[in-house]
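Enquirer: Protein chains in written order, with numbering that gives the first Met the number 0: chain A, 0 to 311; chain F, 0 to 340.
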Amino acid sequence: MSSGPLILGAEEASSLRPESPLEPSGASVADRARRATRTVIADRKIAVPLGVIVLLVLFAIFVPIFWTYGPNKQDLINSLDAPSFTHPMGTDQLGRDVFARVADGARISLIVATIVTVAGALVGGLIGLLAGTIGGISDGVMMRLMDAILAFPPLILAMAVTVGLGIGLNTAAIGVALVSVPWYARLLRSEALRIRSLPFIEASYAIGMKRSRVISRHVIPHMLPVLFIQMAAAFGYAVLGLASLSFVGLGAQVPTPEWGAMITEGLSYSLTGQWWISIFPGVGLLVTVTAASMLSDRMRDLLDPRGEYARL
Amino acid sequence: MGAVIARRIVGSIGAIFGATVLAFIIMRALPGNPARLIVGPLATPHAVASVRHEIGLDKPIFTQYWLYISHFFEGNWGYSYADGKSVSSLIGERLGATIELALFSFAITMLCAVVFALLVTYRRRPIADRILRGVAYLGFGTPPFFVALILLIVFFKSLHWLPGPEGRLGLQANPPPTVTHLYTIDALIAGKFGTFWSSIEHLILPGIALGLSSFSFIVRLLRANLLEISREPFLTVARGKGLRRWTAFRRHALPNAFLPTLTAGGLVLGEFLAGSVLIERVFNWPGIGSLVFDAIVKQDYAVVQTFILLAAVMFVLVNLIVDLLYAVIDPRVRIPVVATA
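(1) Residue range of the alpha helix (DSSP H) that W275 (chain A) falls in?
(2) On the three-state DSSP scale, how would you describe S11 (chain F)?
(3) Give, in chain order, every residue of the segment 264-280 of chain F whose Cβ lies closer than 8 Å to some Cβ of chain A.
(4) Among F:A237, F:P259, F:V291, F:T260, which residue has its Cα nearest to the Cα of R250 (chain F)?
(5) Please classify G95 (chain F) as buried or exposed, where buried requires at least 16 other C-beta atoms within 10 Å of its C-beta.
(6) Quickly, what does DSSP pair T116 (chain A) with across the bridge? List them, please.
(7) Does the contact criterion of 3 or more C-beta pairs under 8 Å hold for the segment 257-276 of chain A versus the segment 120-136 of chain F?
(8) Based on DSSP bridge pairs, tell me the residues matched to Y78 (chain F).
(9) When the distance is taken between beta carbons, is I307 (chain F) closer than 9 Å to A101 (chain F)?
(10) For the alpha helix (DSSP H) containing N283 (chain F), name the first residue and the last one.
(11) Do the CB positions of T183 (chain F) and I207 (chain F) come within less than 9 Å of each other?
(12) Please say whether A135 (chain F) and R215 (chain F) have beta carbons closer to each other than 9 Å?
(13) Please report the straight-line C-alpha distance between E227 (chain F) and D296 (chain A), rounded to a whole angstrom.
(14) Could you tell me which whole beta strand (DSSP E) segments of length 3 or greater appear in the segment 91-125 of chain F?
(15) In whole angstroms, give me the CA-to-CA distance for G89 (chain A) and W275 (chain A).
(16) Among residues of its own chain, excluding the 5 on either side of D80 (chain A), which ones have a beta-carbon nearer than 6 Å to its beta-carbon?
(17) Can you list, in chain order, the stretches of the alpha helix (DSSP H) that have 4 or more residues and sit fully within the segment 188-228 of chain F?
(18) State the start and end residues of the unbroken alpha helix (DSSP H) segment that holds Y64 (chain F).
(19) Ordered along the chain, which non-local residues of its own chain (more than five positions away) have a Cβ less than 8 Å from that of A102 (chain A)?
(20) In chain order, what residues of the same chain have a beta carbon less than 8 Å from the beta carbon of S83 (chain A), not counting five sequence neighbours either side?
(21) Could you check if H52 (chain F) is buried or exposed, using at least 16 other CB atoms within 10 Å of its CB as the buried criterion?
(22) Below 9 Å between beta carbons: does that hold for L156 (chain A) and L129 (chain A)?
(23) Between W66 (chain A) and chain F, is there a C-beta pair that is closer than 9 Å?
(24) Since Q229 (chain A) is in the alpha helix (DSSP H), which residue starts that stretch and which ends it?
(25) Taking only beta-carbon atoms, is L151 (chain F) less than 9 Å away from chain A?
(26) In chain A, what lies closer than 8 Å to I295 (chain F) by C-beta?
(27) Taking 9 Å as the cut-off, decide whether the C-beta atoms of L277 (chain F) and F115 (chain F) are in contact.
(28) Taking the alpha-carbon positions, what's the M208 (chain A) to L186 (chain A) distance?
(29) Hey, how far is the Cα of P23 (chain A) from the Cα of L302 (chain A)?
(30) Where in the segment 128-171 of chain F do unbroken runs of the alpha helix (DSSP H), each at least 4 residues long, occur, reported from the N-terminal end onward?
(31) What number of angstroms, rounded off, separates the C-alpha of V51 (chain A) from the C-alpha of D42 (chain A)?
(32) Give me the Cα-Cα distance between A29 (chain A) and R193 (chain A), rounded to the nearest whole angstrom.
(33) Hey, is P254 (chain F)'s beta-carbon within less than 9 Å of any beta-carbon in chain A?
(34) The alpha helix (DSSP H) with H86 (chain A) in it runs from where to where?
(35) Within 9 Å (strictly less), CB to CB, does F71 (chain F) reach chain A?
(36) Please list, in chain order, the chain A residues whose beta carbon lies closer than 7 Å to that of Y136 (chain F).
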């Protein structure tokens, strides 16, 4: 592929592809999964976002265990202290250690976002799979339902759910998960339709395989790469959505050290000079979400069977 | 062509219907008792019962749904429980501020996206390209309220270049006589350039905070499209026929690269609607976003509910308009399959 008459500075598309692209079929499922895992792990560019996420997880696990200050331990004498050796991220208006709170916030964000992502993927994936493989009336009904969800700007529907079900981190998680469902459903439905029309599926039927077996042995394994790519992206959105809801006051409530809620709490102090209360949780958010979207993009380059599709 | 349009319109009506049903189920039929939400946790059972009756919760569910949507589409949006005003007048008062901010933000978002995408593709700047892609990543991954906070700390608190969170105008400036409800345009009409400048200054930071994630999305889309189109054979042909590079780029590459960004219209609107709730409070911007933010804090049910339905209707309509425009502009999509965002 030439770089074209007009423009340089674009990477050659071929350099983005893995050295040995995944073969569409032929190898066993376990073999393919192993090869896909190896492609991802061996990739140099994916090491950065993956490493960041591993570090975040370690941070979220170990800091709350070993750090001397608890996230909700108040110390009014030392309130609003600037970052120092004793308090690496300073203290907030109640003298709570921001470092401990950011770490605890990482734990909350990572756990809740993981649950949200898995729940959304399970529900949406199942809907997409059923709509794409069974089709017919159930397809129409489910896709209209998905359209109704997509009729809302995502964050606003999540807000509606939290307002309707009662404010709190759990309902916020339900809202964010609900919003993600149609994306999985649409994506996996179109994947199922694409895979279903491939010749080897026809061949499987021809040698007498039952439909349930074709779906479980051939259709589902082929959908997994696309599902994982979407999950990585959705993880970032989940972190962002949860923080946004908490920022507005719909998610985690005080004194929970959730990142979005911490930013709200520190908002009025930021302009009087105590920037550290809000900035550190914000940086945590930014790092997590950016890592997730980089991970998703790179996984798409490596694993997406549809090639360079939608690589923005 | 006609069939495509008719199909899209029917689809949009269906989506709005689905959205109202969904909103109704979420806000009314699920366990969280709306009457209890309205009167607050300390109210007596009697007060809860009277509110239940007042908003029709004791009626059959289909009647309830009918009342719910007929009131909404009649513009009968109920009264704010926080200050007793009608929701329509509250929203009407604040519409101008939100629209002005959104228009301003949209303008700078599109302008910057085009300029930067051109810069890195036409002018072959690999380093600038990397920086732009990095910014786009960060911009997409940063919540707008955090962007707002950083902008305020840098440009207001530290550098004193731009005004802080004081709303649409500085303290010394008076609002211009109302014509369009947009302070910038009204100030120009009245010939008050000081007020005009003040309102522009006050728009810059919230405008950037609101538009950054849309900018990130559009600039990536535009950049990818430009790169892709520049490899198309028709550009080689255009160059081969003797067109200058810039002319070929402007006449043949740019319009084609722009088309897909049109589909981002719905996404941008969604970002702006949600973003206004997230950032207006930070800047004390007297718009609908801060109205909704306060309503959430005060559990002011009528306001939140109206905003949610309005957002859905606007979202569906904008997506419809985008699709129709697309069909008008791009002859390739006049076949029945029209992609939705």
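Glycine included, each C-beta is placed from N, C-alpha and C at the ideal position.
Expert: The answer reads as follows:
(1) Position 276 of the first sequence, counting from 1, holds the residue named residue 275 (chain A). Its alpha helix (DSSP H) spans residues 275-302.
(2) Your numbering for residue 11 (chain F) matches position 12 in the second sequence. Three-state DSSP puts S11 (chain F) in a helix.
(3) L268, G269, E270, L272, A273, V276, L277
(4) Position 251 of the second sequence, counted from the first residue, corresponds to residue 250 (chain F). Comparing Cα positions, the closest option is F:A237.
(5) Sequence index remark: in the second sequence, residue 95 (chain F) carries index 96 (1-based). G95 (chain F) should be labelled buried.
(6) Here residue 116 (chain A) refers to the residue found at position 117 of the first sequence. For T116 (chain A), which the question treats as bridged, DSSP gives no partner whatsoever.
(7) no
(8) The sequence position of residue 78 (chain F) within the second sequence is 79, counting from 1. Beta-bridge pairing links Y78 (chain F) to F:S85.
(9) Here residue 101 (chain F) refers to the residue found at position 102 when the second sequence is read from its first residue. Here residue 307 (chain F) refers to the residue found at position 308 when the second sequence is read from its first residue. Contact flag unset, no.
(10) Here residue 283 (chain F) refers to the residue found at position 284 when the second sequence is read from its first residue. Counting along the chain, N283 (chain F) falls outside any alpha helix (DSSP H), and DSSP gives it neither H nor E.
(11) Taking the second sequence and counting its residues from 1, one reaches residue 183 (chain F) at position 184. Taking the second sequence and counting its residues from 1, one reaches residue 207 (chain F) at position 208. No. Outside cutoff.
(12) Residue mapping note: residue 215 (chain F) aligns to position 216 of the second sequence, counting from 1. Residue mapping note: residue 135 (chain F) aligns to position 136 of the second sequence, counting from 1. It is worth fixing the name first, because residue 215 (chain F) is Ser in this sequence and not Arg. Cβ distance < 9 Å, so S215 (chain F) and A135 (chain F) count as in contact.
(13) Against the second sequence, residue 227 (chain F) aligns to sequence position 228. Against the first sequence, residue 296 (chain A) aligns to sequence position 297. C-alpha separation (whole angstroms): 18 Å.
(14) none
(15) Here the question's residue 89 (chain A) lines up with position 90 in the first sequence. Here the question's residue 275 (chain A) lines up with position 276 in the first sequence. If I take the Cα positions, the gap works out to 7 Å.
(16) Position 81 of the first sequence, counting from 1, holds the residue named residue 80 (chain A). Closer than 6 Å at the Cβ level, and outside the excluded window around D80 (chain A), lie H86, G89, T90.
(17) none
(18) On the second sequence, position 65 is the one that residue 64 (chain F) refers to. Residues 60-73.
(19) Here residue 102 (chain A) is taken as the residue at index 103 of the first sequence, counted from 1. Correct list, in chain order: F58, A59, V62, P63, W66, P70.
(20) Counting from one through the first sequence, the residue named residue 83 (chain A) turns up at place 84. Hits under 8 Å: G89.
(21) Indexing the second sequence from 1 puts residue 52 (chain F) at position 53. Exposed.
(22) The residue labelled residue 156 (chain A) in the question sits at position 157 within the first sequence. The residue labelled residue 129 (chain A) in the question sits at position 130 within the first sequence. No, the Cβ-Cβ distance between L156 (chain A) and L129 (chain A) is not below 9 Å.
(23) By 1-based counting over the first sequence, the position of residue 66 (chain A) is 67. Taking Cβ atoms only, chain F never reaches closer than 9 Å to W66 (chain A), which makes this a no.
(24) Here residue 229 (chain A) corresponds to residue number 230 of the first sequence, with the count starting at 1. 219-247 is the span of the alpha helix (DSSP H), which, as asked, contains Q229 (chain A).
(25) The residue given as residue 151 (chain F) occupies position 152 in the second sequence. Closer than 9 Å to some Cβ of chain A, the Cβ of L151 (chain F) qualifies, so yes.
(26) Against the second sequence, residue 295 (chain F) aligns to sequence position 296. By Cβ distance, chain A contributes M158, V162, V247, G248, L249.
(27) As a first step, residue 277 (chain F) is located in the second sequence; it is residue number 278 there, counting from the start. As a first step, residue 115 (chain F) is located in the second sequence; it is residue number 116 there, counting from the start. No, the Cβ-Cβ distance between L277 (chain F) and F115 (chain F) is not below 9 Å.
(28) As a position in the first sequence, residue 208 (chain A) is number 209, starting the count at 1. As a position in the first sequence, residue 186 (chain A) is number 187, starting the count at 1. So the alpha carbons of these two residues sit roughly 26 Å apart.
(29) Here residue 23 (chain A) refers to the residue found at position 24 of the first sequence. Here residue 302 (chain A) refers to the residue found at position 303 of the first sequence. Residue confidence for P23 (chain A) is low, a pLDDT of 49 falling below 50, so the modelled location carries little weight; the figure read from the coordinates is stated next. Roughly 11 Å separates the two Cα atoms.
(30) 143-150
(31) As a working note, residue 51 (chain A) is residue 52 in the first sequence. As a working note, residue 42 (chain A) is residue 43 in the first sequence. Each residue's alpha carbon lies about 15 Å from the other.
(32) The residue given as residue 29 (chain A) occupies position 30 in the first sequence. The residue given as residue 193 (chain A) occupies position 194 in the first sequence. Approximately 22 Å, taken between the alpha carbons.
(33) For the purposes of this step, residue 254 (chain F) is identified with residue 255 of the second sequence, where counting begins at 1. It does not: the Cβ of P254 (chain F) has no partner Cβ on chain A nearer than 9 Å.
(34) Stepping through the first sequence from its first residue, residue 86 (chain A) is reached at position 87. Where H86 (chain A) is concerned, there is no enclosing alpha helix (DSSP H), given that its DSSP letter is neither H nor E.
(35) In the second sequence, residue 71 (chain F) corresponds to position 72, counting from 1. Output row for F71 (chain F): interface = no.
(36) Numbered from its first residue, the second sequence carries residue 136 (chain F) at position 137. T289, S292, M293, listed in chain order.
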